[in-house]
Every structure is written in C-alpha cells, then in structure tokens.
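In the numbering used here, the protein residues as written are 642 to 949.
Structure first, then comments.
Now the structure itself:
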C-alpha cells in the first residue's frame, strides 16, 4: 500500500489482510484482501484521503448503507464499510473473472446474441436499483464484471455516495462521478437531478460498443462529449455491422435519444425490448418506431438555463 495508508492496513488486520493493489482510479484505490473471518478473498475500495475529507464519514456511511441493501444477482453486493484513521472504505466480493473492458480488448466485439443477453440482464439490475432510488451514474465496461459468464454491475458505492454530495465544493476539488464517453447528455451538461433514464443512455452506449467494437462518442471531458452528442447524430449500429437487425438498432437508437423523454421510460422498458428481440432466434424483426424528437439543442439550452 502507499505509505500514508500503512496504518490503515494495520488497523484492518483483525478483519482483513491486504494482499496486493488491484488498481487505482480518480477517486479510490482497490486492494485484494483476505477476509480473515470468513476465509474468502474480497476487494476493498479505499477512497483517496482528499475525497474522504470532502465527503465526511457520516454522509458516506449513510449512503453506503443504502447501496448495501441492493440485492440482485447482477449487482455486486457490498458486504462491509467503515472509516479508519480518516480513510473511508467499502468491501465487495472479489470477482476473479474478466471485466467487459478486458473482453472487448481481447475480442473487439461480442456476438449479437450475447450483447443483447448481457444488456438485458444489466437493465434488470438497473431497474432494481432505480426502484430503490439509486442511480449508478458511471456505467462503463470497466464496471461490468463476469462471474461464471454472468454479468455483474459494480461500483454503486462511490456513485451514490459522491453523487448525493455533488455540490460545488466537490467540483472545485476535481471530483465528478461518471466517465465522459458513457455520460448521458444531461449528465455531461452538469445537471445534478438525474433519473434512471440517464443510466439507460449509458447502458445503451455500452451495448453499442459491445455490438460494434467501437465507442459511441469519445472525448476527454464531459463538455467535449456533449459537443459531439449535439453535433453528430448517434451512428447506426446496423451500418457498422450489417448483421445487427433493424429491431435491435432501433432499440439502441431510442435508448440513445438526446432528450430523456424520447428514450425508454425506464430500464425495465429497455430490458423488455431486449428480451423480445433476444427471443427471436434470428434476432431480426421490424424496426421499432422512434418517438418524435424535438431539437436536442433547444432542450439542453432550456435545461441548462433552469439550473444556473
């Protein structure tokens, strides 16, 4: 562990033994650890000290308790959390399988049927979370893990804890939830009051990438991605990969609508559409009609003006 967290590891000693670091992100470092009480491997996510100070332990632990109540076969469960010497952390089961990002790096793209199956199961997970008032905010291939072939959505913990504290102080400190390439237009625009349709858009970005092997839009900042979203229509997955049926392409396009009102009204609705498509052995079918779309630029201008 890094030098400043040696004491943290020592204080964990009666419950967990750190084995090695697994990765470091903009908000936290993840460690592989032994759960000494239950004799199993776990992953411990430790927030960076500056973020821990900004969040405050009471608020973080309160939000983590909400996340821990999410019990779904396709959501990575939180099994413990706490604060030691100013370090905020939470504990998850260790998933040894590859992430979706690793799979896409190796395979470029997935079969159409598997991409639909994965997205459908993740939509079910999101529907479960949204029904309990939890928005993920950071759906991306790195946060989708596989356990015996079953997709699992990870990292609800930071999403809820930081998302609930998404104030100007956090922004000034350089913290934000989300990855630009997978943000909905409203999230990229900095709108704080997100609902489940923002996650629907992000999941559609992941589905598009699973189908085509290419990210939908790229950019180093949310504003750069937003500019692409407003200037370029979402490309057709069918054009990139002709074997993708029109019915699936239409569903992806609908989920990627700029205005939330033009998307599927919920993750459950997206999941139902994908289930219907997946039941067709040829994965073909008539295109699903898209709702009429008003100017996305005018909608975002009104939304941004209302939140100044």
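Heads up, the beta-carbon is just placed ideally off N, CA and C, and yes, glycines get one too.
Just so you know, these numbers come straight off a predicted model, no measurement behind them.
Would you mind stating whether residue 730 and residue 677 have Cβ atoms separated by less than 8 Å? no
Just list the residues that DSSP pairs residue 724 with in beta bridges. The partner list for residue 724 (beta bridge, DSSP) reads 729.
Kindly indicate the opening and closing residues of the beta strand (DSSP E) around residue 769. Unbroken run through residue 769 is the alpha helix (DSSP H), 753–771; no beta strand (DSSP E).
How do the segment 743–751 and the segment 695–712 stand: do at least 3 beta-carbon pairs fall below 8 Å, yes or no? no
Excluding the five sequence neighbours on either side, which residues of its own chain have a C-beta within less than 7 Å of the C-beta of residue 698, listed in chain order? 724, 729
With a Cβ-Cβ cutoff of 8 Å, do residue 830 and residue 857 count as a contact? No, the Cβ-Cβ distance between residue 830 and residue 857 is not below 8 Å.
Assuming residue 887 contacts residue 879 under a Cβ cut-off of 8 Å, what Cβ separation, rounded to an integer in Å, is found between them? 6 Å
By Cβ distance below 7 Å, which residues in the same chain neighbour residue 775 in space, the five residues on each side in sequence not counted? The residues are 707, 708, 711, 797, 801.
To which residues of the same chain is residue 716 closer than 6 Å at the C-beta, ignoring the five residues directly before and after it? The beta carbon of residue 716 is closer than 6 Å to those of 766, 794 in its chain, skipping five residues each way along the sequence.
Can you tell me whether residue 777 is buried or exposed, with buried defined as 16 or more other CB within 10 angstroms of its CB? buried
Grab the span of the alpha helix (DSSP H) containing residue 847 for me, first residue to last. Counting along the chain, residue 847 sits inside the alpha helix (DSSP H) bounded by residues 837–853.
Euclidean distance between Cα positions of residue 918 and residue 650: 49 Å
Taking the alpha-carbon positions, what's the residue 881 to residue 835 distance? 31 Å
In angstroms with no decimal places, state the Cα-to-Cα distance between residue 792 and residue 727. If I take the Cα positions, the gap works out to 33 Å.
Determine the extent of the beta strand (DSSP E) in which residue 900 is found, giving its start and end residues. Note, residue 900: premise wrong, no beta strand (DSSP E); not H, not E.
Can you check which of these residues, 734, 904, 702, is closest to residue 586 by C-alpha distance? Residue 586 lies beyond the residue range present for the chain, which begins at 642 and ends at 949; the question has no answer from this structure.
Report, in whole angstroms, the separation of the C-beta atoms of residue 781 and residue 823, which I expect to be a contact under 8 Å. 5 Å
With hydrogens ignored, establish whether the beta-carbon of residue 727 is closer than 7 Å to any heavy atom of the ligand SAH. Here there are no bound small molecules, and the ligand SAH is not part of this structure.
Considering Cα atoms alone, identify which of 894, 852, 901 is closest to residue 884. 852
Range covered by the alpha helix (DSSP H) that runs through residue 881: 878–881
So what does residue 688 bridge to, in DSSP terms? 669
Cβ atoms of residue 664 and residue 745: under 8 Å apart, would you say? Taking 8 Å as the Cβ cut-off, residue 745 and residue 664 do not qualify as a contacting pair.
Residue 821, DSSP secondary structure in three states: helix
Taking DSSP as the reference, what is the three-state secondary structure of residue 923? Any reading at residue 923 must be qualified, since the residue scores a pLDDT of 47, below 50, and its modelled position is unreliable; the value itself is stated next. In the structure shown, residue 923 adopts coil according to DSSP, grouped into three states.
Since residue 915 and residue 764 are thought to touch, with beta carbons under 8 Å apart, how far apart are those beta carbons, to the nearest angstrom? 6 Å
Could you tell me the boundaries of the alpha helix (DSSP H) in which residue 826 lies? 826–829
So, for residue 770: in the same chain, excluding its five sequence neighbours on each side, which residues have a beta-carbon less than 6 Å away from its beta-carbon? 711
Could you check if residue 826 is buried or exposed, using at least 16 other CB atoms within 10 Å of its CB as the buried criterion? buried
For residue 783, which residues of its own chain have a beta-carbon under 7 Å away from its beta-carbon, when the five flanking residues on both sides are left out? 740, 742
Distance between residue 737 and residue 762 (C-alpha atoms, nearest Å): 20 Å
Rounded C-alpha distance that separates residue 615 from residue 860: This structure gives no information on residue 615, because the portion of the chain shown stretches from 642 to 949.
With DSSP collapsed to three states, give me the class of residue 707. Shown here, residue 707 sits in a helix according to DSSP, grouped into three states.
Classify residue 714 as buried or exposed, calling it buried when 16 or more other Cβ atoms lie within 10 Å of its own Cβ. exposed
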